[in-house]
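Some notes on the structure that comes next.
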Ligand code: F6R
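Numbering (our numbering), first residue to last: 863 to 1469.
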């Protein structure tokens, strides 16, 4: 939530801040702002709306500053207004602060600072930091930020610029991500690597309770006690081309089409030559003596976890349960040192998932992180890691990272089963043979985009959708409904098909499109029965089926999308693809902001 960037160096700062902010916009996009030292004077621009709108306002000023900070916001405290947009200033207008995270004790701090005469202009938690730093500022900005960081409770990644200290930017972090970068022209700090891809060549990931001072020559990092922290720098490996649309109208469409590669790379790097042995090098330290498994995650990643619950219970001899991360700590889960927890997260920064990981670790569980972005908090706090190789995902709605998660989870389940001696070599070989066909099968499905786009034309004005499925396709029905809700704002619900008669059937009339995920390998006759029930109530049936030539289908389905034949382990990923395309084309026809849907942010770092 919220993206921050800072730069000090020999180049004009304004274009670099805007380039970075646009790449961070997936983290929040309700308002944005920059603070620069233009001829050593603090100069501030803030605006409600997209970064592009702020840029249009700022560029005509032809600013030449070479130091500055910028922020793109996802509102937590205070509605999106210019006053609540970052940067926030101290009373004198000399210190500017941008922040990602939540200052939990901001009310106490605000009361104390107000009593000492500080005047607040916004409803944000962040503004207390500007005044707190002012309060501690006796000429050493680094020491003032360290003192403020010691007093602040909660999560923060912050960057501070001061008119009285015009050559450096001070940054600090606890809980929210912050990466420093060194490039030819100067020094950067930002929430996420893509913001500085192509600009910085070396990276340094700040850890919790560390600060750094950035100058045009480089940076020094310290702990809160003021001791210098040294760690080796990492090479920047991100190609700036990966963060361009590459000819597609939206990032989401590009990412949907990248799925054969995303799934392929996720699978193949974990398979040894001959593709009959799984090698997960990030799990060397994991004790396989577990008697229970929890999969914890949020949103789309939870749907991947729930899919794994269904896939894994076919092969693992222990109870398995997927749990929404924000609920995990509220329940009396049975966590012991023999519990294995798998935290599924694209970003590795989702706070609900991170807190659930901490809770599980406190109770002695072993935690495996299954993530897409390396160097994340969840990875750092886990005992082992499995990466998805989807590459950076910029569209806020997860697509390729979901299919890569399901692919990696399918392999992880087989790997665990093999380690527990619960699967024969022959069955393992058959399962792997099926999985390796996935990239080709996804490509086949993507070629049916035109047919799905025509369906979208027929239904884009619908007000509600139902998605029904059974068994391991049920989580995919949930995911289909979530995708549609997120980007088209159409109300949609996913249900186990057998549950329809217990309530949702009341919704069905001649206006209601019902997407039914039908596979001859999963309770085929029962799902056909559910289709009959929908038709009997005049609902409109859209069937996704791997038996498209079944003569009964024309009687039961108004529209049919054919899926390729595949082994059961592949079905969840394959059924996802047409639903992503359907949601995408419906959203385009409704004219919504597909890549940055309203109210959402890609990385949710609040609880
Ligand atoms: C939906 C979506 C979200 C995320 C969720 C978890 O399209 O993207 O529901 O899946 O916020 O995010 P990660 O996977 O980063 O933990």
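Where a beta carbon is used, it is the ideal one built from N, C-alpha and C, also for glycine.
_Report the CB separation of residue 1230 from residue 1208 in whole angstroms; it is logged as a contact under 8 Å._
Here residue 1230 corresponds to residue number 368 of the chain shown, with the count starting at 1. Here residue 1208 corresponds to residue number 346 of the chain shown, with the count starting at 1. Not a contact, Cβ separation roughly 15 Å.
*Assuming residue 1228 contacts residue 1159 (C-beta within less than 8 Å), just tell me the rounded distance between them.*
On the chain shown, residue 1228 is found 366 positions in, with the first residue counted as 1. On the chain shown, residue 1159 is found 297 positions in, with the first residue counted as 1. Not confirmed; about 17 Å, so no contact.
*Identify, in the order they occur along the chain, each residue of the same chain with its Cβ nearer than 6 Å to the Cβ of residue 1423, setting aside the five sequence neighbours on each side.*
The residue labelled residue 1423 in the question sits at position 561 within the chain shown. Hits under 6 Å: 1406, 1440.
*Reduced DSSP category for residue 1184 - H, G, I as helix; E, B as strand; rest coil*: Residue 1184 sits at position 322 when you count from the first residue of the chain shown. The answer is strand: DSSP assigns residue 1184 an E or B state.
*Does DSSP put residue 1438 in a helix, a strand or coil?*
Stepping through the chain shown from its first residue, residue 1438 is reached at position 576. DSSP places residue 1438 in helix when its eight states are reduced to three.
_Using only the alpha-carbon positions, how far apart do residue 1240 and residue 1219 sit?_
Start at 1 with the first residue of the chain shown, and residue 1240 comes out as number 378. Start at 1 with the first residue of the chain shown, and residue 1219 comes out as number 357. Cα-Cα distance, rounded: 7 Å.
*So what does DSSP say about residue 1098, is it helix, strand or coil?*
Your numbering for residue 1098 matches position 236 in the chain shown. DSSP places residue 1098 in coil when its eight states are reduced to three.
*Since residue 1064 sits in a beta bridge, which residues does DSSP pair it with?*
Taking the chain shown and counting its residues from 1, the one referred to as residue 1064 is at position 202. Answer is 1044, 1097.
*Endpoints, the beta strand (DSSP E) within which residue 1470 is located*: No statement about residue 1470 is possible, as the shown extent of the chain runs from 863 to 1469 and does not include it.
_C-alpha gap between residue 1123 and residue 1001, whole angstroms_ = As a working mapping, residue 1123 is identified with position 261 in the chain shown. As a working mapping, residue 1001 is identified with position 139 in the chain shown. Roughly 53 Å separates the two Cα atoms.
*So does residue 1271 have its beta carbon nearer than 7 Å to some heavy atom of the ligand F6R?*
Within the chain shown, numbered from 1, the residue matching residue 1271 stands at position 409. No, the ligand F6R has no heavy atom inside 7 Å of this Cβ.
*Excluding the 5 residues preceding and the 5 following residue 984 in the sequence, name in chain order all residues of the same chain whose CB lies nearer than 7 Å to its CB.*
Along the chain shown, read from residue 1 onward, the residue named residue 984 stands at position 122. Non-local C-beta neighbours of residue 984 in its own chain, meaning closer than 7 Å and more than five positions away in sequence, comprise 940, 945, 946, 950, ordered along the chain.
*Run through the segment 1194-1233 for me and flag every whole alpha helix (DSSP H) of 4 or more residues, listed as ranges in chain order.*
1213-1224
_At a threshold of 7 Å, does residue 1243 count as lining the ligand F6R (C-beta to nearest heavy atom)?_
Residue 1243 sits at position 381 when you count from the first residue of the chain shown. Because no heavy atom of the ligand F6R lies under 7 Å away, the Cβ of residue 1243 does not count as near it: no.
*Can you grab the Cα-Cα spacing for the pair residue 1362 / residue 942, in whole Å?*
Numbered from 1 along the chain shown, position 500 holds the residue referred to as residue 1362. Numbered from 1 along the chain shown, position 80 holds the residue referred to as residue 942. Answer to the nearest angstrom: the Cα atoms are 40 Å apart.
*Beta-bridge pairing of residue 1406 - partner residues as DSSP gives them*: Translated into positions along the chain shown, residue 1406 becomes position 544. The partner list for residue 1406 (beta bridge, DSSP) reads 1379, 1423.
*Counting pairs of beta carbons, one from the segment 1257-1275 and one from the segment 1146-1165, are three or more of them closer than 8 Å?*
yes
*Can you list every residue whose CB sits closer than 5 Å to some heavy atom of the ligand F6R, going in chain order?*
1160, 1161, 1162, 1163, 1207, 1208, 1209, 1212, 1259, 1260, 1466
*Give every residue of the same chain whose Cβ lies closer than 7 Å to the Cβ of residue 1177, excluding the five residues on either side of it in the sequence, and list them in chain order.*
Within the chain shown, residue 1177 is the residue found at index 315, counting from 1. Correct list, in chain order: 1275, 1276, 1279, 1284, 1285.
*Where does residue 1386 sit, in a helix, a strand or coil, going by DSSP?*
As a first step, residue 1386 must be located in the chain shown, where it is residue number 524. In this structure, residue 1386 counts as helix in the three-state DSSP scheme.
*Is residue 1426 closer than 8 Å to residue 1303 when the C-beta atoms are compared?*
Indexing the chain shown from 1 puts residue 1303 at position 441. Indexing the chain shown from 1 puts residue 1426 at position 564. Yes, the Cβ-Cβ distance between residue 1303 and residue 1426 is below 8 Å.
*Which residue or residues does DSSP assign as beta-bridge partners of residue 1031?*
Here residue 1031 refers to the residue found at position 169 when the chain shown is read from its first residue. Residue 1031 pairs with 1023, 1076.
*Hey, is the segment 920-930 in contact with the segment 966-984, meaning 3+ C-beta pairs nearer than 8 Å?*
At 8 Å Cβ cutoff, the stretches do not touch.
*In terms of alpha-carbon separation, which member of 1045, 888, 910 lies closest to residue 878?*
Here the question's residue 878 lines up with position 16 in the chain shown. Nearest C-alpha to residue 878: 1045.
*List the endpoints of the continuous beta strand (DSSP E) containing residue 934.*
Working through the chain shown from its first residue, we reach residue 934 at position 72. 929-935 is the span of the beta strand (DSSP E), which, as asked, contains residue 934.
*Go to residue 903, then tell me how far its beta strand (DSSP E) extends in each direction, as first and last residue.*
Indexing the chain shown from 1 puts residue 903 at position 41. First-last of the beta strand (DSSP E) with residue 903: 903-910.
_the ligand COA heavy atom lying under 7 Å from the CB of residue 1231_ = Looking at this structure, you won't find the ligand COA anywhere; what it does contain is the ligand F6R.
*Identify, in the order they occur along the chain, each residue of the same chain with its Cβ nearer than 8 Å to the Cβ of residue 1012, setting aside the five sequence neighbours on each side.*
Locating residue 1012 in the chain shown gives position 150, where the first residue counts as 1. Same-chain partners within the cutoff: 1086.
*Which value, in whole angstroms, describes the spacing of the CA atoms of residue 1107 and residue 1052?*
Locating residue 1107 in the chain shown gives position 245, where the first residue counts as 1. Locating residue 1052 in the chain shown gives position 190, where the first residue counts as 1. Their Cα atoms are separated by approximately 22 Å.
*Exposed or buried, what is residue 1131 when buried is set at 16 or more other beta-carbons lying within 10 Å of its beta-carbon?*
Position 269 of the chain shown, counted from the first residue, corresponds to residue 1131. Classification for residue 1131: exposed.
*asked:* Checking 8 Å against the spacing of the C-beta atoms, do residue 1005 and residue 1033 come in under that value?
replied: Within the chain shown, numbered from 1, the residue matching residue 1005 stands at position 143. Within the chain shown, numbered from 1, the residue matching residue 1033 stands at position 171. No, they are not a contact pair.
*Helix, strand or coil for residue 899, going by three-state DSSP, please let me know.*
Against the chain shown, residue 899 aligns to sequence position 37. Reduced to three states, the DSSP call for residue 899 is strand.
*Measuring CB to CB, does residue 919 end up less than 8 Å from residue 907?*
If you number the chain shown from 1, residue 919 lands on position 57. If you number the chain shown from 1, residue 907 lands on position 45. Contact flag set, yes.
*What runs of the beta strand (DSSP E), each 3 residues or longer, lie entirely inside the segment 1311-1360?*
1326-1331, 1353-1358
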